[in-house]
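Trainee:
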Amino acid sequence: MGINNTGFARCKFCGAEYRLFTIFNRDMQGLCKTWKRRHEHACAKRTPAQRRLWARKYAGKDTTESSLTVDLAHAGFGGTPLG
C-alpha cells in the first residue's frame, strides 16, 4: 500500500477545485477532503453573488499558479461571470 502524495477535491456547490502535491512521503488526499468539508459547509449557505465575490481572487488562475482554481461559468456562481 503506497502513499498518495497528490490530492484532489471539488466543491459540489460551486465546482471549486483544490489540488495539492508534495515531494515528501505524505498523504495529501486527507488534507483535500478536510478542505472540501470546511469549504462546502460555508459554500452551501452562500448566494451565487457571494460565491463570485469569494472566488474573485482565484479567477483566471490555472493549476500551475494556484492550488485552488475556480470556473466562474459554473452554475454555482450564477452562470454569468462578473469581472
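Numbering-wise, my numbering puts 77 at position 77 of the sequence shown, and it's gapless, one number per residue. Glycine is no exception: its CB is placed at the ideal position from the N, C-alpha and C atoms. Because the structure is a prediction, the values reported are computed rather than measured.
Straight-line CA distance for residue 32 to residue 11?
Mentor: Approximately 11 Å, taken between the alpha carbons.
Trainee: Exposed or buried, what is residue 55 when buried is set at 16 or more other beta-carbons lying within 10 Å of its beta-carbon?
Mentor: It counts as buried.
Trainee: Under a three-way DSSP split, which group does residue 7 fall into?
Mentor: Note: residue 7 maps to strand in three-state DSSP.
Trainee: Of the choices 18, 17, 24 and 16, whose alpha-carbon is the least far from that of residue 4?
Mentor: Here the closest residue by C-alpha is 24.
Trainee: To the nearest angstrom, report how far apart residue 40 and residue 13 are at their CA atoms.
Mentor: Their Cα atoms are separated by approximately 7 Å.
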